[in-house]
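Under the working numbering, think of the first position of the sequence shown as -5, with each following residue one higher. One structure is given here, and the rest of the page talks about it.
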Amino acid sequence: MKNRIFEMFKFFGISGIGWIIDFSIYSLISYFINPVISNIISSFVSITFVFLVSTKKIFVNNGKYNLKLKYFIYIIYQIILVSITSSIIGILVNVFMKSNIILISKYAKILAKIIVTPFSMICNYIVMKKLIEKI
């Protein structure tokens, strides 16, 4: 149990770095292009980073399937997750833009990204753990 908690903290640390990469790219490009497209682009950069580092530093590949196949499966999972989170971001941005609170409407894109992050981070840990170590 102690090892699992330590593993989760390591994963969340690496995911935190991935999130900084994701959030930075998203923040820069979301002012120039649609926030949904911005989220897709920024997410896939950080997804690749987190997968590569996690498979080297945290999870032990059980060897049943090679990492290239697992990366492909992870990308398909991420396409689904990023589609869901991007849709949620789009909805939240629309809701926040209609807010009478200036700070909320001004930072709608950033707030929406922050809100969806914990959900995606927890899902990513669970899927990555199962994919790398169990499949």
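Where is the CB? At the ideal position from N, CA and C, for every residue including glycine. What you are looking at is a predicted structure, and each value in this text was computed from that prediction instead of being measured.
Secondary structure at Met122: helix, using DSSP grouped into helix, strand and coil. Contact annotation: Tyr68 and Val30 have beta-carbon atoms that are not nearer than 9 Å. Around the beta carbon of Phe90, 16 or more other beta carbons sit within 10 angstroms, so the residue counts as buried. For the pair Ser93 and Ala102, the CB atoms are nearer than the 9 Å cut-off. Per DSSP, the continuous alpha helix (DSSP H) segment holding Ile41 begins and ends at 29 to 51. Just so you know, the alpha carbons of Asn56 and Lys128 end up roughly 7 Å apart.
Contact between Val110 and Ile82 holds: their C-beta atoms lie close to 5 Å from each other, under 8 Å. Residue nearest to Ser18 within the set Phe113, Ser36, Thr79, Thr42 is Ser36 (criterion: CA-CA distance). Nearest in C-alpha terms to Lys100, of all of Phe113, Leu86, Pro112, is Leu86. Cβ contact annotation for Ile15 (same chain, cutoff 8 Å, sequence separation greater than five): Ser36, Val39, Ser40, Phe43, in chain order. Apart from the 5 residues on each side of it in sequence, Phe45 sits with its Cβ closer than 7 Å to the Cβ of Tyr65, Tyr68 in its chain, given in chain order. By the neighbour-count criterion, in which 16 or more other beta carbons inside 10 Å mark a residue as buried, Tyr119 falls on the buried side.
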